[in-house]
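Position 447 of the sequence shown, counted from 1, bears residue number 473 in the working numbering, the numbering being contiguous throughout.
We treat Cβ as the ideally placed atom computed from N, Cα and C, and that holds for glycine.
Since we're looking at a predicted model, the values are computed, not measured.
Remarks on the structure that follows.
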Amino acid sequence: MHYLLLTAILCLGTILRFWQLDRKPLWIDEIITALFGLGKGFENLPLEQVLAVDRIPDIFILNPQTQCSEIASYLTTQSTHPPFFFCALHQWLLGIDSWDVSLAWKLRSLPAILGVFAIAAIYLLNRLAFSPQAGLMAAAMMTVSPFAVYLSQEARHYTLPILLLIFALCCLILIQKQLQKKKYSPLLWLLWGSMNCLGIYVHYFYIFAIIAQFITLFLVLYRTPKVGIIRLFWLFILAIAPFLFYLPWLPILLEHFNSPKTSWLPAPNFLLPILQTLGGWSSMFIALPVEKQPLWLQIVSITFTVIFMVWAIASSLRGLRKLYASPNTRESTITLSCFTLCVLLEFAAIIYILGKDISIAPRYHFIYYPGFCALIAASFSRDRQFSLSSPRSTIIFLLVGAIGSLCVIFNFAFQKPYYPLKVAQQFNQSSDPVMVMMAYENTLEIATGLSYALTFADIHDRPAYFTFLNKTDFGGFEYVWRSLSQFPLSPASLWAIVPGYVEASYPREIALKNSKCTIDPKEHYRIGGFPYQLYHCDRAG
């Protein structure tokens, strides 16, 4: 019955992660993933020219000749990420390239599968740390976690480091248990180091997890009497040895750390990071419709979320106290608690000491999510050795999570940033033929334009064109308007997306080669740092 239930949990987890996987359009970060995963760089893009919108999907055709070294080279100069995930994604896309599915499905399917593997891995972690019943609870909790479903449906490198971190924590728990029994397994220490080394080849934030694990290990050693120092020294050497394989990438990591591409993180605003962190915690277990919803629904959703989280936190604390009180689970509780707390303290240091508010992006909480999920699940589990909570509480907790996951799947929660579908629909409602101009300064703005262009290509039902014009290298904004005047097109509608502009900055008229376009003051919009303005065009005399 136990393994039958685990199988059912894994099946449900698979359904939730693949359900409507390609329903949402690709947003900026996923566009960047697509380019590198397909074996391309930004220099391969058709910029400074007019493209029919029908040709936009041709940009996202897999290049089977690209090698991992070339992808790593693109990442070195055009991004701030390590290469392992993008190389793995490229191999994955090579394997499924012939499948008759959408680009979004192909890109997101690998993170979705890794998300299912993470469910099985978290079961193993809690089984090792606490009990088989706690393992089932952890697997069920991750299965219906809105946060886990959201990350699994993103074409980004989050579910892979989660999976690697869970395996690393499994090794850490086994090391802790072996030290208590005065046993030492060199292979286990080597495996632990290997998982961690691979983790920072996937995401730089994994460094936080490595630091937290070593601090936790020192605490375990402090609580373990009469540890053989000489033997322990060689075990540490084994755990650190895999990091020698990271030395080739270390200079690039340091270069990326100082890159202006990381300057988008704002300075902290007093207590706001704390509130954002609490919001990140709540999204791991509940996610109700709030974004772009009517005010009454926002009030109801937020009120219910606060009530639920107060109840959940109180229930979890009672369970954690019982876990700590039990000799069978005390050390594992301390190990996972220390790891999670250390990562949170690292977050606080980055926010308030380095002045970079990483709490602004909920997805960054992935780096301590496995420890957090394992502890909360254990606090809600029950078996023959200890009883922490009533079955009714467990059902309520999982049911609320399942509702939140459905909100994620059907786009009521964790909506795609910069709303590419909404913007594309506005383009498509204009008089045809339509032309869209994206002025850009950097790769982020190019990716934004590609997100809108690709979504527009999927839904357009009229003649449409798209162009990307560099607003910095060739004379600034004047170059943008001058370039437009050279294109031999006569659109009825022109949309101008010009990052850095305010509404008053847009010219009242734009001269094209065969027409003149006049601004529509009622059709100005802004999403984040991306303003876009509609012009109506007439053929020049």
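When you compare each of the options to residue i by their alpha carbons, which one comes out closest?
i           : options               : result
residue 218 : 230, 208, 192 and 205 : 192
residue 390 : 157, 442, 230 and 161 : 230
residue 387 : 302, 396, 73 and 274  : 302
residue 57  : 206, 245 and 131      : 131
residue 243 : 252, 233 and 262      : 262
residue 253 : 234, 297 and 202      : 202
residue 451 : 147, 120, 180 and 51  : 51
residue 216 : 157, 259, 364 and 440 : 259
residue 469 : 160, 287 and 238      : 287
residue 374 : 457, 448, 348 and 298 : 298
residue 108 : 238, 239, 151 and 273 : 273
residue 441 : 315, 344, 464 and 289 : 315
residue 183 : 116, 346 and 76       : 116
residue 166 : 352, 402 and 54       : 402
residue 77  : 493, 533 and 392      : 493
residue 487 : 436, 164 and 455      : 455
residue 123 : 111, 89, 142 and 148  : 89
residue 504 : 519, 536, 520 and 515 : 536
residue 358 : 186, 245 and 563      : 245
residue 420 : 71, 160 and 279       : 160
residue 399 : 256, 307, 208 and 112 : 307
residue 200 : 220, 155, 326 and 143 : 155
Give the secondary structure of residue i by DSSP, where H, G and I count as helix, E and B as strand, and everything else as coil.
i           : result
residue 9   : The displayed coordinates of the chain run from 27 to 567. Any statement about residue 9 would go beyond what the structure contains.
residue 302 : helix
residue 49  : coil
residue 319 : coil
residue 544 : strand
residue 37  : helix
residue 396 : helix
residue 552 : strand
residue 30  : helix
residue 445 : coil
residue 172 : helix
residue 217 : helix
residue 314 : coil
residue 342 : helix
residue 282 : helix
residue 202 : helix
residue 159 : helix
residue 559 : strand
residue 478 : helix
residue 569 : This structure leaves residue 569 out entirely; the chain is present only between 27 and 567.
residue 564 : strand
residue 516 : coil
residue 44  : helix
residue 451 : helix
On the criterion of 16 or more Cβ atoms from any shown chain inside 10 Å, does residue i qualify as buried, or is it exposed?
i           : result
residue 281 : exposed
residue 93  : exposed
residue 248 : exposed
residue 176 : buried
residue 46  : exposed
residue 383 : buried
residue 329 : exposed
residue 152 : buried
residue 28  : exposed
residue 65  : buried
residue 44  : buried
residue 206 : exposed
residue 290 : exposed
residue 332 : exposed
residue 340 : exposed
residue 125 : exposed
residue 145 : buried
residue 173 : buried
residue 127 : exposed
Span of the beta strand (DSSP E) holding residue i?
i           : result
residue 521 : 519-523
residue 439 : Residue 439 -> no beta strand (DSSP E), and no H or E assigned at all.
residue 466 : 460-466
residue 536 : 535-537
Mind checking which residues open and close the alpha helix (DSSP H) that includes residue i?
i           : result
residue 77  : No alpha helix (DSSP H) contains residue 77, which is instead part of the beta strand (DSSP E) from 76-78.
residue 116 : 110-122
residue 232 : 232-248
residue 132 : 129-155
residue 260 : 255-266
residue 505 : 503-510
Closest Cβ-Cβ distance between residue i and chain D: below 8 angstroms?
i           : result
residue 254 : Checking the listed chains, one finds no chain D in this structure; it contains a single protein chain.
>> Which runs of the alpha helix (DSSP H) at least 4 residues long sit entirely within the segment 64-107? Give them in chain order.
In response: Counting only runs of 4 or more, we get 94-104.
> What are the complete alpha helix (DSSP H) segments, minimum 4 residues, inside the segment 354-408?
Replying inline: 356-378 and 395-406
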